[in-house]
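Written below as structure tokens is the structure these notes are about.
Protein chains: 2
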Amino acid sequence: MTLLRSARPGVGSNDRGIPEATVARLPLYLRALGTLAEGGVTTCSSGELAEVTGVNPAKLRKDLSYLGSYGTRGVGYDVEYLRYQIARELGQTQTWDVVIVGAGNLGSALSTYQGFGSRGISIAAVLDTDPQRIGSNVGGVEVESFDRLAEIVRERHVSIAVVATPAEAAQGVADALVAAGVTSILNFAPTVLQVPDHVEQRLVDLSIELQILAYHEQRRTHDEADGGQEVMA
Amino acid sequence: MTLLRSARPGVGSNDRGIPEATVARLPLYLRALGTLAEGGVTTCSSGELAEVTGVNPAKLRKDLSYLGSYGTRGVGYDVEYLRYQIARELGQTQTWDVVIVGAGNLGSALSTYQGFGSRGISIAAVLDTDPQRIGSNVGGVEVESFDRLAEIVRERHVSIAVVATPAEAAQGVADALVAAGVTSILNFAPTVLQVPDHVEQRLVDLSIELQILAYHEQRRTHDEADGGQEVMA
DNA sequence: CCTTGTGAAGCTGTTCACAGCC
DNA sequence: GGCTGTGAACAGCTTCACAAGG
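Chains as they are written, first to last, in the numbering used here: chain A, 108 to 340; chain B, 108 to 340.
Take a look at the structure:
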């Protein structure tokens, strides 16, 4: 899960703004529409799309309504058209060059990940400080020295970076990223990075996700012990 | 980010329940407290803890107030005591055995991750269907055949599993997990899994995270073009 | 008929501001 | 004086239920 967004409360960028919760679901809809399109489906209802994305149909319709009125009453949505509209809204008409810092297992997993390309994301570089890793190849990209960061950010107009380093190195890397001009950081290191207000940070923490699941599992067990019974309604 | 929680709306487990948003932040506080403790800090205020976790102090106090009144007015919180209370609330007084399915880069990254142990999480097994991977060693754990799933879940009382397979394999794996009795799934595959109501799913999607950042970057650029200016206060 | 789009209601989460206590 | 704990106000999100329109 993603836990953090830095950025002042309601400042700036909020005219014509789409609710955050909706923005977080749009990529989900987009992917589902892609799958439908591949399967030759040309039209779908909010109910169908809601089904495959695990979302309530009313919520889905409200989400889409923020983009405009792209459906047809009595019929549903044109798969290709809706796809295009969501992609446009998400900024996928352009390609975003992203730098990945850290070429360990996680960095490699990210570099190898197929499917960024079709989502407007391109890996500009994978960087590491370890001489053993520099020059090696992960996912078809050659690992470069972290020293080249500023240069790469400038030349390739990078504004988004991924931190996939150990926790100890993360803050230093973040400082360097900010200094180089990066304004969005996806952080996989188990630390909250201290970054300026104008830099957005999203924290994805594997351990936290498991701890949340464990909490629910624990409550389940307790409830049973307390005589709480499954309600089938 | 985590996007999905299946489970019926307000059913079951809600007496004495802590708000979801709070549950998602408790692990963050817990880690910060750990770091403070290591640094020899014995007491801290909501302001200090809020600072390092990137959370508003009032929110932090409200979060902690759901657990009980563990602070001292005029002083702050006892680091060790609060640590214990949060850990207990999260169910870390017991150890949760977790199965990881998929021994690719991502599965390896997870297996290698240090720091589960101190958070009440233990890797019971890493499974894969690829004969080339079975028997190999990732993060000190030997990769076993996916066929052994049911057996391992039963013997080691596993209720939480991680799906770290390609998207195509994920639904099949999920079905097998559910059949084996797993009730919480952390899903890294870029698909929404169809699981029964009583199974909780959390989706962590690398691509979606980047798309969300790209959306904000795009809006930033547009706003500048529209003459929108940084508001400083 | 069917399905969208959306006001209105209700719920959850956040923030404020201050009383209560050390 | 300082910091916690919390009611109350507010903001944001979800869900309902139905009018509007193909």
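Glycine included, every Cβ here is placed at the ideal spot set by N, Cα and C.
These numbers come from a predicted model, not from an experiment.
(request) Excluding the 5 residues preceding and the 5 following residue 315 (chain A) in the sequence, name in chain order all residues of the same chain whose CB lies nearer than 6 Å to its CB. (result) none
(request) Can you tell me which of A:317, A:306, A:228 puts its alpha carbon nearest to the alpha carbon of residue 309 (chain B)? (result) A:317
(message) Quick check: what's the CA-CA separation for residue 212 (chain B) versus residue 245 (chain B)?
(response) 10 Å
(message) Taking the beta carbon of residue 149 (chain A) as the centre, do at least 16 other beta carbons fall within 10 Å, making it buried, or is it exposed?
(response) exposed
(request) If I'm right that residue 296 (chain A) touches residue 277 (chain A) with Cβ under 8 Å, what's the distance once you round it to whole angstroms? (result) 4 Å
(message) Quick check: the Cα distance between residue 223 (chain A) and residue 132 (chain A), rounded to an integer number of angstroms?
(response) 17 Å
(message) Within the continuous beta strand (DSSP E) that includes residue 252 (chain A), where are the two ends?
(response) 248-252
(message) So the candidates are A:329, A:154, A:260; which of them puts its Cα closest to the Cα of residue 180 (chain A)?
(response) A:154
(message) Which complete beta strand (DSSP E) runs does the region 141-193 of chain B hold, if anything under 3 residues is left out?
(response) 183-185
(request) Name, please, each residue of chain B whose Cβ falls closer than 9 Å to the Cβ of residue 197 (chain A). (result) 318, 319, 321, 322, 325
(request) Step through the CB atoms of chain B and report whether any lies within less than 8 Å of the CB of residue 259 (chain A). (result) no
(request) Check whether the Cβ atoms of residue 210 (chain A) and residue 250 (chain A) lie closer than 8 Å to each other. (result) yes
(request) Please report how far the alpha carbon of residue 157 (chain A) lies from the alpha carbon of residue 163 (chain A), in whole angstroms. (result) 6 Å
(request) Check the Cβ-Cβ distances between residue 113 (chain A) and every residue of chain B, and say whether any is below 8 Å. (result) Low confidence applies to residue 113 (chain A): its pLDDT is 45, below 50, so where it sits in the model is not reliable, and the reading given next is rough at best. Closer than 8 Å: yes.
(request) Assign residue 278 (chain B) to one of three DSSP states: helix, strand, or coil. (result) helix
(message) I'd like the list of long-range same chain contacts for residue 144 (chain B), defined as Cβ closer than 6 Å, with 5 residues on each side in sequence excluded.
(response) 186
(request) Counting only the same chain and skipping the five closest in sequence on each side, list residues whose C-beta sits under 6 Å from that of residue 173 (chain A). (result) 125, 129
(request) Check whether the region 212-221 of chain A touches the region 214-221 of chain B, counting contact only when three or more Cβ pairs, one atom from each stretch, lie closer than 8 Å. (result) yes
(message) Less than 8 Å between CB atoms is the rule here; does residue 220 (chain A) satisfy it with respect to chain B?
(response) yes
(message) If the criterion is Cβ atoms closer than 8 Å, does the pair residue 199 (chain B) and residue 177 (chain B) meet it?
(response) no
(request) Could you spell out the range, first to last residue, of the beta strand (DSSP E) harbouring residue 292 (chain A)? (result) 291-294
(request) Mind checking which residues open and close the alpha helix (DSSP H) that includes residue 259 (chain B)? (result) 256-262
(message) Let me confirm a value: residue 339 (chain A) is counted as buried when at least 16 other C-beta atoms fall within 10 Å, else exposed. Which label applies?
(response) Note that residue 339 (chain A) has pLDDT 38, beneath the 50 cutoff, so the model's placement of it is unreliable and no number is given.
(message) What does the alpha-carbon distance come out to for the pair residue 208 (chain B) and residue 271 (chain B)?
(response) 6 Å
(request) Please check the pair residue 311 (chain B) and residue 289 (chain A), which I expect to be a contact at CB under 8 Å, by giving their CB distance rounded to whole angstroms. (result) Actually they are not in contact, since the Cβ atoms of residue 311 (chain B) and residue 289 (chain A) sit about 22 Å apart, beyond 8 Å.
(request) Using a Cβ cut-off of 8 Å, pull out every chain A residue sitting near residue 241 (chain B), in sequence order please. (result) Result: empty, since nearest Cβ-Cβ is about 18 Å, beyond 8 Å.
(message) Per DSSP, what are the beta-bridge partners of residue 370 (chain A) in this structure?
(response) Any property of residue 370 (chain A) remains undetermined from this structure, which presents chain A solely from 108 to 340.
(message) Quick check on DSSP: helix, strand or coil for residue 225 (chain B)?
(response) helix
(request) Pull up the DSSP beta-bridge partners for residue 244 (chain A), would you. (result) A:249
(message) Alpha carbons only, please: which of B:262, B:304, B:236 is nearest the one belonging to residue 287 (chain B)?
(response) B:262
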